[in-house]
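Asks:
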Amino acid sequence: MGERYQQPGQEGFPTITLKRGIVPKQSELWEWMKGVVVGQFDKQDLDISLLDIKLNVKVTWTVTNAFPTKLTGPSMDATGNEVAFEELTLAGDRVSVSYA
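Under the numbering used here, the first residue of the sequence shown carries the number 464, and numbering increases by one thereafter.
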């Protein structure tokens, strides 16, 4: 059997939705999200970690060949240095989880 890969617009692969985040305007994540809007982006492997109150990693989700599929933003503050988003949805070829 051949391998299957998620492509923009295709359904049937896991997605991850991050809610209510703040991203500095000068960050790799922000540049990556902007690239999706203009159709110039590379799929990236990424880790999403859940931290406890002492900032220790408790759970890590690894997304292979991830790319943003949806970005929903709130009203923006023109004087701020960050970009807030209500929801960022990511898709990828594979999602795995590890516990600390």
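Even for Gly, the Cβ is constructed at its ideal location relative to N, Cα and C.
Look at the alpha carbon of Leu513 and the alpha carbon of Trp493, and state the distance between them as a whole number of angstroms.
Replies: Residue numbering aside, residue 513 sits at position 50 when the sequence shown is read from its first letter. Residue numbering aside, residue 493 sits at position 30 when the sequence shown is read from its first letter. Cα to Cα, Leu513 sits roughly 20 angstroms from Trp493.
Asks: May I have the straight-line CA-CA distance separating Pro477 from Met496, to the nearest angstrom?
Replies: Within the sequence shown, numbered from 1, the residue matching residue 477 stands at position 14. Within the sequence shown, numbered from 1, the residue matching residue 496 stands at position 33. So the two alpha carbons sit approximately 19 angstroms from each other.
Asks: Put Leu481 into one of helix, strand or coil per three-state DSSP.
Replies: In the sequence shown, counting from the first residue as 1, residue 481 sits at position 18. Strand.
Asks: Leu509 and Val526 - do their beta-carbons sit closer together than 7 angstroms?
Replies: Here residue 526 corresponds to residue number 63 of the sequence shown, with the count starting at 1. Here residue 509 corresponds to residue number 46 of the sequence shown, with the count starting at 1. Contact flag set, yes.
Asks: Buried or exposed: Ala563, going by 16 or more other Cβ atoms within 10 Å of its Cβ?
Replies: Position 100 of the sequence shown, counting from 1, holds the residue named residue 563. The residue in question, Ala563, is exposed, as its Cβ has fewer than 16 Cβ neighbours within 10 Å.
Asks: The alpha helix (DSSP H) that contains Val500, what's its start and end?
Replies: Numbered from its first residue, the sequence shown carries residue 500 at position 37. Where Val500 is concerned, the enclosing alpha helix (DSSP H) stretches over 491-500.
Asks: What are the boundary residues of the beta strand (DSSP E) that includes Ile511?
Replies: For the purposes of this step, residue 511 is taken as the residue at position 48 of the sequence shown. Looking at the DSSP string, the run of the beta strand (DSSP E) that includes Ile511 is 507-514.
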